[in-house]
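*Asks:*
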Amino acid sequence: MASLAKRVIVIDKGKIIFDGNLSELVSLYAKEKIIKVVLSGDGDYKSLEKIGKVISISIPKVEILVSRSMATLAASEILQNFSVEDLNIEEEPVENVVRRIFSGETKNLKRKKNG
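Structural data, given as C-alpha cells:
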C-alpha cells in the first residue's frame, strides 16, 4: 500500500475518519517502529530482548519492535553494546496501522478529516 498511495482516505461505517497524507496517517496511529540490525561477530542475541520485542532472528540479522518514542534510545543502546554492521529504523507496516484503526485500538486517538 505504501508504494502505491500518497493520499489516504479511511472510511469506517460510512464515515470518513481520516483524509490525508499516508505518512501523517502512520505518524498519528503507529505505536511502534522496527529496528533492523545486522550484527558483526558473536554477540549475546538474547540480551536484545531487554531493548524491545525481538520479532525475527536470522543471524546475523535481527528485527526488534520498539515503541516509537523509544526508537532512538533503543538504537543508541544497540550501537553502544553490540558490534553493528548496519542499523535501520523503519515504520511499522501500514497494514498493521490500518488493522489497528479498524480493530478499535485507536478509539482515543485523534482522527482527521480534511475539508
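As numbered in the numbering used here, residues -14 to 100 make up the sequence shown, in order.
Built from N, CA and C at the ideal position, the CB exists for glycine as well.
(1) DSSP on glutamate 17, reduced to helix/strand/coil?
(2) Using only alpha-carbon positions, find the residue among Lys0, Glu80, Val69, Glu90 that is nearest to glycine 28.
(3) In its own chain, which residues sit with a C-beta less than 7 Å from the C-beta of leucine 50, not counting the 5 before and 5 after it?
(4) Per DSSP, glycine 5 forms a beta bridge with which residues?
(5) Using DSSP bridges, identify the partner residues of serine 52.
(6) Any heavy atom of the ligand MG inside 7 Å of the beta-carbon of leucine 13?
(7) How many Å lie between aspartate 71 and proline 78 at the Cα?
(8) From what residue to what residue does the beta strand (DSSP E) around serine 88 run?
(9) Helix, strand or coil: which one does DSSP assign to lysine 0?
*Replies:* From the atom records:
(1) Strand at glutamate 17.
(2) In terms of CA proximity to glycine 28, Val69 leads the group Lys0, Glu80, Val69, Glu90.
(3) Correct list, in chain order: Glu17, Ile19, Gly37, Lys38, Ile40.
(4) Within the DSSP secondary-structure output, glycine 5 pairs in a beta bridge with Val(-7).
(5) Looking at the DSSP assignment, serine 52 forms a beta bridge with Glu17.
(6) What this structure holds is no ligand at all, so the ligand MG is not there to describe.
(7) Whole-angstrom Cα-Cα distance: 20 Å.
(8) Taken as a continuous stretch (DSSP letters only), serine 88 belongs to no beta strand (DSSP E), being part of the alpha helix (DSSP H) at 79 to 88.
(9) Reduced to three states, the DSSP call for lysine 0 is strand.
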